[in-house]
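Here's the structure we're looking at; comments come further down.
There are 4 protein chains.
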Amino acid sequence: MLGYFGPAGTFTHQALRTVTEEEAVAFASVREALDAVRQGDVTRAVVPIENSVEGGVSATLDELIAGAPLAIQGEIVIPVEFGIYAREGTELADVREVLTHGHAAAQCRDWLATNLPDAGVTEAGSTAGAAAEVARPDSRYDAAVCARVAGEMYGLRELAYQIEDNAGAVTRFVEVGRAGSVPPRTGADKTTLVAYMRQDHAGALLEILEQFAVRGVNLSRIESRPTKTTLGSYCFSIDCEGHLHDKRVAETLEGLHRVCPQVFFLGSYPRANQRRPDIAVGFSDGEFDAAAAWVASLSRRP
Amino acid sequence: MLGYFGPAGTFTHQALRTVTEEEAVAFASVREALDAVRQGDVTRAVVPIENSVEGGVSATLDELIAGAPLAIQGEIVIPVEFGIYAREGTELADVREVLTHGHAAAQCRDWLATNLPDAGVTEAGSTAGAAAEVARPDSRYDAAVCARVAGEMYGLRELAYQIEDNAGAVTRFVEVGRAGSVPPRTGADKTTLVAYMRQDHAGALLEILEQFAVRGVNLSRIESRPTKTTLGSYCFSIDCEGHLHDKRVAETLEGLHRVCPQVFFLGSYPRANQRRPDIAVGFSDGEFDAAAAWVASLSRRP
Amino acid sequence: MLGYFGPAGTFTHQALRTVTEEEAVAFASVREALDAVRQGDVTRAVVPIENSVEGGVSATLDELIAGAPLAIQGEIVIPVEFGIYAREGTELADVREVLTHGHAAAQCRDWLATNLPDAGVTEAGSTAGAAAEVARPDSRYDAAVCARVAGEMYGLRELAYQIEDNAGAVTRFVEVGRAGSVPPRTGADKTTLVAYMRQDHAGALLEILEQFAVRGVNLSRIESRPTKTTLGSYCFSIDCEGHLHDKRVAETLEGLHRVCPQVFFLGSYPRANQRRPDIAVGFSDGEFDAAAAWVASLSRRP
Amino acid sequence: MLGYFGPAGTFTHQALRTVTEEEAVAFASVREALDAVRQGDVTRAVVPIENSVEGGVSATLDELIAGAPLAIQGEIVIPVEFGIYAREGTELADVREVLTHGHAAAQCRDWLATNLPDAGVTEAGSTAGAAAEVARPDSRYDAAVCARVAGEMYGLRELAYQIEDNAGAVTRFVEVGRAGSVPPRTGADKTTLVAYMRQDHAGALLEILEQFAVRGVNLSRIESRPTKTTLGSYCFSIDCEGHLHDKRVAETLEGLHRVCPQVFFLGSYPRANQRRPDIAVGFSDGEFDAAAAWVASLSRRP
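Listed below in structure tokens is the structure:
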């Protein structure tokens, strides 16, 4: 059984559907979804990690490192696409009152201004809640702007799709399981971690990043985050290319473990875009093995 | 006249009040608030830059660099504190139905479970909207969880305050004006910029950070952000200690201008916490002047 | 009047001849030659800086920074080529006793073993002294291995030339004048300096080198040298590409002046090989000017 | 049987005596001494590595990497101290003609000018040769300036000692054996290597040095050296603190092996000064083991 950060009908729900078509449990918060994994109530949970519509990034990172260790098992990237949905029988020309979440309204402002210039737009608590409300036969709202999954779930009719002003935006989710379970290496993997820094000086971040650079490990995301314990101190949330079982990544993790007061390994998993990194000369597993063999040979009489 | 990212009654509104008690214009989006500055409709606008409750960070950074240049004039940090507000005559024991935004509900979950275990919690589009709804005499909701400014605005009674589960969370806002206006140096300043990187290799971020480190400039925040133009390419949103008129910062900006394909200077302004940086040996203005004088002397016959 | 580290007939003398055909003063040591420049007795002096035959490197660097400031005006690179020289009338087949300096003997060992297998080889104090001795009609030595200049000076006959075992070795000299006189920039220049480091930790040299790297300045030579004042502490003797009047070099020197307890500028001068450096994107004078103009523009209302 | 770079009576000979009192073989060049080790004619050879009096550094490094692999087994540091030696019966006041090597004459100039202002100074091929000459009863020279070992060897009388102008200069020698034999770790060790760099850009040396810095390995000497094969390309001769069997050194060597086109390991051996390095937090063997154990634990279900 899988869990997810609900309610049903959100982009998180849509992301979950790319992983399983089975029934899943919606949790009211990221923390509750992750705690359910920790307690064994669900085997895995899908939670947002970069989501400009419904939030959740900071929360997810904080929750991942807050309790018993968890490990990301995979990432799911889906386009941020909105549709406008109405009860059967309603045409676009009939729409007078639109209900949606404020962020969705902001992201579809141009389309609404062009296509429904006279309609009123009311903010709901969520896009899924807007679809649920519109589905009620006696609702005073004619249409909801929401994810397709919500339109389908509430039996609404799609009046238009991809009505967002900026095409190409994506939102990213992760599927989280218990620590110790590392998905097999695919050659197109990503590793996520959080590293705390010892000191707050101009070179401290450099020292952390050099651990990656000297081993040829590319970063694909970095974000400093204030630590809650000490004012003015920082930790870094980092995604890098490669897998725990790539030697360049394993040695980098060892290096971080030595120079940082604390490092959280949050998982190695296949990249959603399946792009294989360019491994620079010197950083393949074969080259790590050859180097270790050379050093071992130095102590042996030839 | 100042503007802000509305609606009235949000934390942004509360942040605005720390700057001015005069009337201000609420805008429906960060973009509209910033465009109003660009067009001269308002002299400055207050918008969220780190706000775990109402979002807005990414939007704000994207909008700051999207059109005519703007400059941050100051930052405002306020604690994320929620209260529960009801109509006059309602006691805490009477509350059966609570209305609030989903994020606020999540952040006050423990308090609500302990103090109102039997109350229903309904999600509104915003905490301010929840307060407005509760203020209606015929509302079917008994209380709203929202910022104090919203409770006051709608004439509600505060039943409890600081009901958030995690004390100490803060949210950060910036006051934005037109480019070219740089607040005077105070000695406890911060500079915000966005730097694009030329290449996507393990050392590219290092090269950017070394521009800061060799001039003794500490970073206080860094975040990589995918650029919208080219897939797989990144830019960095950075806050560093110091002011454009500190020589170490000016030389760092010059260095970034040379090694990055594009750099946006988003302002130098006093730090909200008024903490003065520790300037390491070699990086004061006096030491920059002495070094320049020494180099100039090398070409002169003694 | 020029001076040089004598005696006459050495490679230093040969280097001097590439600069002037006028008479010059030979000094018995590098220190005496340089002090003569300091005191105005000669305008310039030619001294060895990399010379595998006659030594002098360390001495020269130490002497350059030991007293009143001097500045290198140019470098002279000459091939290390030996000839074998005899009195008029002596053929190669007649040579029984060879006189030369020990280093020269070592560098021509193969040739001597092949061409004069039965000849005795005696060590003289210098190759020039060997030539002088062989020039005496009553000398018991038949031939000297020395620089061509010595053979010519003492009227000897060249029996063979380029008899050194390793072709391609070069020796490097500098022409030194008073500080403050910097030769004009040619675009193919070199700058020599000595930088002291503040601390003896793993990153201290890195901090010095980053001053060069962030400004795109290539090193062409680096050598750590123990400082005489404090046991276990080091300074670095460095040659880098570029001229004091290149902005990237000037800013690097300023940076070193700030982070090092002491820096000695020993001159900017044309490279002997006339090779122009590849200036990476971002590091030309034009790009320095553009960056400075951009930073200046940030404080002006547009 | 040991070998050394002769002739007898030099500082190298004096260095050898600190290692063994047994008879040893003098070789005419560093190459011959090292080749004798390679061929098993001697078990080890003592050769100069930093010697301001008699040269030999460059030659030694070049020869160490030129043929079958060798390994430095130890270093010997001895003070550069000169004495003045005469035949029995000669007092200092009697000395009219002094014979010595040019470098020795230069280093004792002040003492000679003060104590023997009227004596002539003639240059010999070596200080040892000068002593041999003075030992001849019919020599026209009264005294030799040389190492004490030479004075003793030729049965001369010491008229004065420590007559060098600069006290405190030292000269450094290494004892070289066959590769594969690594002296045991003492905790106060040094490792010598030569690393070639792939490219000739501003950051190439930095990349090499970062391999040391990220593993907390201090350098105690670095020298760039032009490579003979390709014009304008460089390699680096490096001494670092620590032993091949220190994990931080072994991992550094592995890193160099990967990023450099060629690395020569020239030995790990006890430091002559017996100074133990300060190992920064994170770089002890125990911390390497703990980091490796942590990384290994990440793949195991807890």
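Chain order of the listed sequences is A, B, C and D.
With UniProt numbering, letter number 135 in the first sequence gets 135, and the count goes up by one each step, no holes.
With UniProt numbering, letter number 22 in the second sequence gets 22, and the count goes up by one each step, no holes.
With UniProt numbering, letter number 282 in the third sequence gets 282, and the count goes up by one each step, no holes.
With UniProt numbering, letter number 264 in the fourth sequence gets 264, and the count goes up by one each step, no holes.
Virtual Cβ for every residue (Gly too), placed ideally from N, Cα, C.
All values reported here derive from a predicted model rather than from experimental measurement.
Any idea what DSSP makes of Thr10(A), helix, strand or coil?
Reading the first sequence from its first residue, position 10 is the one you call residue 10(A). Three-state result, Thr10(A): coil.
Identify which residue in Ser220(C), Arg44(C) and Ala291(C) has its Cα closest to the Cα of Gly203(D).
Taking the fourth sequence and counting its residues from 1, one reaches residue 203(D) at position 203. That would be Ser220(C), whose Cα lies nearest to the Cα of Gly203(D).
Is there at least one Cβ from chain A nearer than 8 Å to His243(D)'s Cβ?
Locating residue 243(D) in the fourth sequence gives position 243, counting from the first residue. His243(D) does not count as touching chain A.
Would you list, in sequence order, the uninterrupted alpha helix (DSSP H) runs of no fewer than 4 residues that lie entirely inside the segment 84-136 of chain C?
For the segment 84-136 of chain C, whole alpha helix (DSSP H) runs of length 4 or above, ordered along the chain, are 102-107, 109-115 and 127-135.
Considering only residues of the UniProt domain "ACT" (193-270) of chain A, which uninterrupted beta strand (DSSP E) runs meet the minimum length of 3 residues and lie entirely inside it, listed in chain order?
If we require 3 residues or more, the beta strand (DSSP E) runs fully inside the UniProt domain "ACT" (193-270) of chain A come out as 219-226, 234-241 and 263-270.
Is the separation between the beta-carbon of Leu99(D) and that of Glu63(D) shorter than 8 Å?
Locating residue 99(D) in the fourth sequence gives position 99, counting from the first residue. Locating residue 63(D) in the fourth sequence gives position 63, counting from the first residue. Taking 8 Å as the Cβ cut-off, Leu99(D) and Glu63(D) do not qualify as a contacting pair.
Chain A contacts from the segment 10-21 of chain D (Cβ-Cβ distance under 7 Å):
Within the segment 10-21 of chain D, not one residue has a Cβ closer than 7 Å to any Cβ of chain A.
Taking Cβ-Cβ distances shorter than 7 Å, what residues in chain C pair up with Arg140(D)?
Looking up residue 140(D) in the fourth sequence gives position 140. Neighbours of Arg140(D) in chain C, taken as residues whose beta carbon is under 7 Å from its own, are absent, since the nearest beta carbon is some 15 Å off.
Whose C-beta lies closer than 7 Å to the C-beta of Gly56(C) among residues of the same chain, with five residues either side of it excluded?
Here residue 56(C) refers to the residue found at position 56 when the third sequence is read from its first residue. Because the pLDDT of Gly56(C) is 44, which lies under 50, any placement of that residue in the model is unreliable, and the question is left without a value.
In terms of DSSP beta bridges, what is Phe27(A) paired with?
Taking the first residue of the first sequence as 1, we reach residue 27(A) at position 27. Bridge partners of Phe27(A): Phe5(A).
Determine whether the beta carbon atoms of Val214(A) and Gly282(D) lie at a separation below 8 Å.
Indexing the first sequence from 1 puts residue 214(A) at position 214. Indexing the fourth sequence from 1 puts residue 282(D) at position 282. Their beta carbons are not under 8 Å apart, which means Val214(A) does not touch Gly282(D) by this criterion.
Helix, strand or coil, according to DSSP, for Phe283(B) in the structure here?
Numbered from its first residue, the second sequence carries residue 283(B) at position 283. It is coil, neither helix nor strand.
Near-chain D residues of the segment 84-110 of chain C (beta-carbon distance less than 8 Å), N- to C-terminal order:
Answer set for the segment 84-110 of chain C: His101, Gly102, His103, Ala106 and Arg109.
Is it the case that the Cβ atoms of Val145(D) and Thr127(D) are separated by a distance below 8 Å?
As a working mapping, residue 145(D) is identified with position 145 in the fourth sequence. As a working mapping, residue 127(D) is identified with position 127 in the fourth sequence. Taking the C-beta atoms as reference points, Thr127(D) is found nearer than 8 Å to Val145(D).
Which residues of chain B have a Cβ atom closer than 7 Å to the Cβ of Ala147(A), listed in chain order?
Taking the first sequence and counting its residues from 1, the one referred to as residue 147(A) is at position 147. In chain order: nothing, as chain B lies at least about 16 Å away.
Ignore the nearest five residues each way along the sequence and tell me which others in Leu159(A)'s own chain have a CB closer than 8 Å to its CB.
As a working mapping, residue 159(A) is identified with position 159 in the first sequence. Excluding residues up to 5 positions away in sequence, Gly83, Ile84, Tyr85, Ala86, Thr90, Glu91, Leu92, Val95 and Ala143 lie with their Cβ nearer than 8 Å to the Cβ of Leu159(A) in the same chain.
At least 3 beta-carbon pairs within less than 8 Å: the segment 108-122 of chain C vs the segment 6-14 of chain D
Result no; under three Cβ-Cβ pairs closer than 8 Å.
Excluding five sequence neighbours on each side, which residues of the same chain lie with their C-beta closer than 6 Å to the C-beta of His245(C)?
Taking the first residue of the third sequence as position 1, residue 245(C) is located at position 245. Excluding five sequence positions before and after His245(C), the CB atoms of its chain that fall closer than 6 Å to its own CB belong to Arg185, given in chain order.
Member of Asn166(A), Lys190(A) and Ile163(A) whose CA lies at the smallest distance from the CA of Val174(A):
Locating residue 174(A) in the first sequence gives position 174, where the first residue counts as 1. Of Asn166(A), Lys190(A) and Ile163(A), the residue nearest in Cα terms is Lys190(A).
Look at the Cβ atom of Ile222(C), then the Cβ atom of Leu205(D), and state whether they are nearer than 8 Å.
As a working note, residue 222(C) is residue 222 in the third sequence. As a working note, residue 205(D) is residue 205 in the fourth sequence. Taking the C-beta atoms as reference points, Leu205(D) is found nearer than 8 Å to Ile222(C).
Min CB distance Ala204(A) to chain D below 8 Å
Reading the first sequence from its first residue, position 204 is the one you call residue 204(A). Taking Cβ atoms only, chain D never reaches closer than 8 Å to Ala204(A), which makes this a no.
So the candidates are Leu209(A), His13(A) and Ser139(A); which of them puts its Cα closest to the Cα of Glu152(A)?
The count along the first sequence starts at 1 and reaches residue 152(A) at position 152. The candidate whose alpha carbon is nearest that of Glu152(A) is His13(A).
Exposed or buried, which one is Asp138(C) when buried takes at least 16 other CB atoms within 10 Å?
For the purposes of this step, residue 138(C) is identified with residue 138 of the third sequence, where counting begins at 1. Around the beta carbon of Asp138(C), fewer than 16 other beta carbons sit within 10 angstroms, so the residue counts as exposed.
If we define contact as Cβ-Cβ less than 8 Å, is Glu223(C) a contact residue for chain D?
In the third sequence, counting from the first residue as 1, residue 223(C) sits at position 223. Residue contact with chain D for Glu223(C): present (Cβ-Cβ distance below 8 Å to some residue of chain D).
Go through its chain and collect everything with a Cβ distance to Glu241(C)'s Cβ below 7 Å, but skip five positions before and after it.
By one-based count along the third sequence, residue 241(C) stands at place 241. Counting only Cβ-Cβ distances below 7 Å, and skipping sequence neighbours, we find Lys190, Val217, Asn218, Ser220 and Pro277.
If we ignore side chains and look at the alpha-carbon of each, how far apart do Ala45(D) and Cys260(B) end up?
Reading the fourth sequence from its first residue, position 45 is the one you call residue 45(D). Reading the second sequence from its first residue, position 260 is the one you call residue 260(B). Taking the CA atoms as reference points, Ala45(D) sits about 54 Å from Cys260(B).
Determine the closest residue to Arg178(B) out of Thr122(B), Ala68(B) and Thr252(B), with distance taken between C-alpha atoms.
Counted from its first residue, the second sequence places residue 178(B) at position 178. Residue Ala68(B) is the option with its Cα nearest to Arg178(B).
Going straight from the alpha carbon of Ile279(D) to that of Ala131(C), what length do you get?
Translated into the one-based positions of the fourth sequence, residue 279(D) becomes position 279. Translated into the one-based positions of the third sequence, residue 131(C) becomes position 131. Cα-Cα distance, rounded: 56 Å.
Could I get the ranges of all uninterrupted alpha helix (DSSP H) runs contained in the segment 135-164 of chain B, with 4 residues as the minimum, in chain order?
Counting whole runs of 4 or more residues, the segment 135-164 of chain B contains the alpha helix (DSSP H) stretches 148-153.
Rank Ala119(C), Thr252(C), Asn166(C) and Ser268(C) by C-alpha distance to the C-alpha of Phe288(C) and give the top, closest one.
Taking the third sequence and counting its residues from 1, the one referred to as residue 288(C) is at position 288. When only C-alpha atoms are compared, the closest one is Thr252(C).
Return the first residue and the last residue of the beta strand (DSSP E) that residue 328(D) is part of.
Because chain D is modelled from 1 through 302, residue 328(D) falls outside the range shown and cannot be assessed.
By DSSP, does Phe82(C) sit in helix, in strand, or in coil?
Mapped onto the third sequence, residue 82(C) falls at position 82. Three-state result, Phe82(C): coil.
At a CB-CB cut-off below 9 Å, which residues of chain C make contact with Ala45(D)?
Numbered from 1 along the fourth sequence, position 45 holds the residue referred to as residue 45(D). Those within 9 Å of Ala45(D) in chain C number zero; the least Cβ separation is about 16 Å.
Should Phe236(C) be flagged as near chain B, meaning a C-beta pair shorter than 8 Å?
Here the question's residue 236(C) lines up with position 236 in the third sequence. Chain B places no beta carbon closer than 8 Å to that of Phe236(C), leaving this residue out of the contacts.
Looking at chain B, is there any beta carbon in it that lies within less than 8 Å of the beta carbon of Phe265(C)?
Residue numbering aside, residue 265(C) sits at position 265 when the third sequence is read from its first letter. Interface annotation, Phe265(C): in contact with chain B, CB-CB separation under 8 Å.
Quick check: what's the CA-CA separation for Gly187(C) versus Ala147(D)?
Taking the first residue of the third sequence as 1, we reach residue 187(C) at position 187. Taking the first residue of the fourth sequence as 1, we reach residue 147(D) at position 147. Our two residues, Gly187(C) and Ala147(D), have alpha carbons roughly 49 Å apart in a direct line.
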